[in-house]
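*Asks:*
Chains as they are written, first to last, in the working numbering: chain W, 72 to 467; chain R, 5 to 165.
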């Protein structure tokens, strides 16, 4: 393990842009820096879609890095995101992942907060410090922006506004995953723990899809034409046509693969927002994968699924059926991804480099032009990571 | 449960035993044989069930889906799965007569798993079965619904529970 003169963990990055040191997945001493530079740094993180907490007082708890947070819909119908911590001595205010409360009371000394985050009661306050003022003890919130009903937060005062940060090539397809107008209805979660470093979870690429996922081959499912767009700050966006054959003999009930479609849902879209959120729309499944690293080892992924407010009963039933069986930690076309995460994690304990090949034209140059099935689209995100972490690239 | 005939209890216990033994031996055809031709299988988190969210981990809402579950496990994903040995522990908690030879039966269950090559044993999930059993020429599931308290799976799940 190496450290900088100020005792900060570091590692030397190879000169070639298509090489990633395997130790980056394994070293526990990188985690505190990742928290500071990435999760608490110049990035936006999605927290909740408005449809997950549709009623006044509905709340959802989660984490930003290691900071517990919760989103709540106030009496004024506005969604706010707070630190999940009493402003007195720090006790968490909500302990359930989802719920509904008209007020948030800390059980320790009965300090009471409104859904708008104001301190509305604190017993024996006459005996507090002379200049105590309840107004100074509201719940801390975050810089927050909303896009198609999805709420993002950042701890940075300086990062660009959300749409500028995502870029048009990213937020335009995202708007279609979010139903075009954000008028979604929440349908439920699939939650799972994967036994790997968070960076292995989000290092999936365009190269693997037709090769790893045997379901595609067995179902005679050829990938349609498509594009992969990447940004300098590490976001990836895949979009492709859907070509599902009419005659699927491997399944008794091929209706599970029907693509009913709507005017806003042409094709298949997969997006990876730096550092680790995935959005996807395959066939009629609308999916956000919120992900929560559990320190340097292990990641919890919450697959959230949606229907659209305009869906009829048949479309709702179809989306539910498809979402429950095709994606996620038990899914017909995606379970293999999960098996790769833990195998990559084990394999990366070997020394040396993970080496990207598909689509790499020049090992010593970063290229933002990548093909649909290239793995080189992951290299800008690795370069973004390297820069944020302050790791020096070796001379070529 | 007092008004339920002993032979009904025996039939339901036997069906459940066939079911969990099939899974612990990963004999998916024997798993399928526990279901009626009108049978369904659901695996859902307690969080979704309690909040009325319909998304499940597995949702086999007709017999053809059950058949495709067998294909998924035995053919499509056979070589990419990190296989694991399960042990199902079950406890019958209630039976109610629904009439027409149908019975609502509930079991508590816990499933342990031992991953090949890792060999330590962990809990895969804990929950309850909400079953509708038809007793006609033997017993079969019209519905087996596994509701798991384990809202966050400890790993991806390759087989039904």
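The beta carbon of each residue, even a glycine, is placed where N, CA and C say it ideally should be.
(1) In three-state terms, what does DSSP make of residue 356 of chain W?
(2) Got a sec, what are the start and stop residues for the beta strand (DSSP E) residue 148 of chain R sits in?
(3) Listing by chain order, which chain R residues have their CB less than 8 Å from the CB of residue 169 of chain W?
(4) DSSP has residue 175 of chain W in a bridge; who is on the other side?
(5) Out of W:251, W:358 and W:241, which one is the CA nearest neighbour of residue 304 of chain W?
(6) Assign residue 15 of chain W to one of three DSSP states: helix, strand, or coil.
(7) Does DSSP put residue 217 of chain W in a helix, a strand or coil?
(8) Relative to the alpha-carbon of residue 112 of chain R, which residue among R:131, R:49, R:63 and R:68 has its alpha-carbon at the smallest distance?
(9) Is there at least one Cβ from chain R nearer than 8 Å to residue 406 of chain W's Cβ?
(10) Look at the alpha carbon of residue 338 of chain W and the alpha carbon of residue 278 of chain W, and state the distance between them as a whole number of angstroms.
(11) Note the first and the last residue of the continuous alpha helix (DSSP H) segment covering residue 270 of chain W.
(12) With distances taken between CB atoms, is the gap from residue 85 of chain R to residue 395 of chain W smaller than 8 Å?
(13) So, for residue 190 of chain W: in the same chain, excluding its five sequence neighbours on each side, which residues have a beta-carbon less than 7 Å away from its beta-carbon?
(14) Contact check, residue 223 of chain W vs residue 346 of chain W under 8 Å by CB: the rounded distance?
(15) Quick one: list the residues of chain W neighbouring residue 72 of chain R, beta-carbon separation under 7 Å, in chain order.
(16) Please decide whether residue 72 of chain W counts as near chain R, where near means a Cβ-Cβ distance under 8 Å.
(17) Leaving aside the five residues before and after residue 72 of chain W along the sequence, list all residues of the same chain whose C-beta is less than 8 Å from its C-beta, in chain order.
(18) Assuming residue 70 of chain R and residue 60 of chain R make a contact with CB atoms under 8 Å, what is their CB distance in whole Å?
(19) Is it a yes or a no for the region 121-130 of chain R touching the region 456-466 of chain W, going by three-plus beta-carbon pairs under 8 Å?
(20) Does the beta-carbon distance from residue 401 of chain W to residue 93 of chain R come in below 8 Å?
(21) Let's see if you can read the secondary structure: which residues bound the beta strand (DSSP E) around residue 47 of chain R?
(22) Please list the partners that residue 63 of chain R has in chain W, where partner means a Cβ-to-Cβ separation under 8 Å.
(23) Check whether chain R comes within 8 Å of residue 371 of chain W, counting only Cβ atoms and requiring the distance to be less than that.
(24) Does the structure place the region 84-97 of chain W close enough to the region 5-14 of chain R that three or more beta carbon pairs sit under 8 Å?
(25) With a threshold of 8 Å between beta carbons, is residue 458 of chain W in contact with chain R?
(26) Whole angstroms are fine: how far does the CA of residue 403 of chain W sit from the CA of residue 306 of chain W?
(27) Given a cut-off of 8 Å, decide if residue 114 of chain W and residue 225 of chain W are closer than it, judged by their beta-carbon atoms.
(28) Please check if any C-beta of chain W sits within less than 8 Å of the C-beta of residue 5 of chain R.
(29) Opposite residue 107 of chain R in the DSSP bridges: which residues?
(30) So which of W:429, W:175 and W:340 has the shortest CA-CA distance to residue 132 of chain W?
(31) Considering Cα atoms alone, identify which of W:214, W:272 and W:258 is closest to residue 417 of chain W.
(32) Between residue 78 of chain R and chain W, is the shortest Cβ-Cβ distance under 8 Å, so that the two count as touching?
*Replies:* So, from the listed chains and residues:
(1) Taking the first chain and counting its residues from 1, the one referred to as residue 356 of chain W is at position 285. Residue 356 of chain W: strand per DSSP, three-state reduction.
(2) Position 144 of the second chain, counted from the start, is the residue given in the question as residue 148 of chain R. Element bounds for residue 148 of chain R: 143-152.
(3) As a first step, residue 169 of chain W must be located in the first chain, where it is residue number 98. Neighbours of residue 169 of chain W on chain R, chain order: 51 and 55.
(4) Mapped onto the first chain, residue 175 of chain W falls at position 104. In the DSSP output, where bridge partners are listed per residue, residue 175 of chain W has W:184.
(5) Sequence index remark: in the first chain, residue 304 of chain W carries index 233 (1-based). When each option's Cα is compared against that of residue 304 of chain W, the closest is W:241.
(6) With chain W covering 72 to 467 only, the question about residue 15 of chain W has no answer from this structure.
(7) Indexing the first chain from 1 puts residue 217 of chain W at position 146. Of the three classes helix, strand and coil, the one that applies to residue 217 of chain W here is strand, per DSSP.
(8) The count along the second chain starts at 1 and reaches residue 112 of chain R at position 108. It is R:131 whose Cα lies nearest to the Cα of residue 112 of chain R.
(9) Stepping through the first chain from its first residue, residue 406 of chain W is reached at position 335. Closer than 8 Å to some Cβ of chain R, the Cβ of residue 406 of chain W qualifies, so yes.
(10) Taking the first chain and counting its residues from 1, one reaches residue 338 of chain W at position 267. Taking the first chain and counting its residues from 1, one reaches residue 278 of chain W at position 207. Those two C-alpha atoms are separated by around 18 Å.
(11) Residue numbering aside, residue 270 of chain W sits at position 199 when the first chain is read from its first letter. 269-272 is the span of the alpha helix (DSSP H), which, as asked, contains residue 270 of chain W.
(12) For the purposes of this step, residue 85 of chain R is identified with residue 81 of the second chain, where counting begins at 1. For the purposes of this step, residue 395 of chain W is identified with residue 324 of the first chain, where counting begins at 1. Taking 8 Å as the Cβ cut-off, residue 85 of chain R and residue 395 of chain W do not qualify as a contacting pair.
(13) What you label residue 190 of chain W is simply residue 119 of the first chain in a count that begins at 1. Around residue 190 of chain W: 158, 182, 184, 205, 208 and 209.
(14) Residue numbering aside, residue 223 of chain W sits at position 152 when the first chain is read from its first letter. Residue numbering aside, residue 346 of chain W sits at position 275 when the first chain is read from its first letter. That pair is no contact at about 13 Å.
(15) As a working note, residue 72 of chain R is residue 68 in the second chain. The contacting residues are 322, 323 and 324.
(16) Numbered from 1 along the first chain, position 1 holds the residue referred to as residue 72 of chain W. Residue confidence for residue 72 of chain W is low, a pLDDT of 49 falling below 50, so the modelled location carries little weight; the figure read from the coordinates is stated next. Residue 72 of chain W does not count as touching chain R.
(17) Locating residue 72 of chain W in the first chain gives position 1, where the first residue counts as 1. Any reading at residue 72 of chain W must be qualified, since the residue scores a pLDDT of 49, below 50, and its modelled position is unreliable; no value is offered.
(18) Sequence index remark: in the second chain, residue 70 of chain R carries index 66 (1-based). Sequence index remark: in the second chain, residue 60 of chain R carries index 56 (1-based). Rounded, the Cβ-Cβ distance is 14 Å, inconsistent with contact.
(19) no
(20) Numbered from its first residue, the first chain carries residue 401 of chain W at position 330. Numbered from its first residue, the second chain carries residue 93 of chain R at position 89. No, they are not a contact pair.
(21) The sequence position of residue 47 of chain R within the second chain is 43, counting from 1. It spans 39-49 - the beta strand (DSSP E) in which residue 47 of chain R sits, taken as one unbroken run.
(22) Your numbering for residue 63 of chain R matches position 59 in the second chain. Correct list: 391, 392, 395 and 396.
(23) For the purposes of this step, residue 371 of chain W is taken as the residue at position 300 of the first chain. It does: the Cβ of residue 371 of chain W has a partner Cβ on chain R nearer than 8 Å.
(24) no
(25) Here residue 458 of chain W is taken as the residue at index 387 of the first chain, counted from 1. No - not a single Cβ of chain R is within 8 Å of the one on residue 458 of chain W.
(26) Counting from one through the first chain, the residue named residue 306 of chain W turns up at place 235. Counting from one through the first chain, the residue named residue 403 of chain W turns up at place 332. When rounded, the distance between both Cα atoms is 26 Å.
(27) Position 154 of the first chain, counting from 1, holds the residue named residue 225 of chain W. Position 43 of the first chain, counting from 1, holds the residue named residue 114 of chain W. Yes, the Cβ-Cβ distance between residue 225 of chain W and residue 114 of chain W is below 8 Å.
(28) Counted from its first residue, the second chain places residue 5 of chain R at position 1. Model confidence at residue 5 of chain R stands at a pLDDT of 48, short of 50, so the residue's coordinates are unreliable; what they give is reported in the following sentence. Residue 5 of chain R does not count as touching chain W.
(29) Sequence index remark: in the second chain, residue 107 of chain R carries index 103 (1-based). Bridge partners of residue 107 of chain R: R:101 and R:137.
(30) Position 61 of the first chain, counting from 1, holds the residue named residue 132 of chain W. That would be W:175, whose Cα lies nearest to the Cα of residue 132 of chain W.
(31) For the purposes of this step, residue 417 of chain W is taken as residue 346 along the first chain, with counting starting at 1. Of W:214, W:272 and W:258, the residue nearest in Cα terms is W:272.
(32) Counting from 1 along the second chain, the entry for residue 78 of chain R is found at position 74. It does not: the Cβ of residue 78 of chain R has no partner Cβ on chain W nearer than 8 Å.
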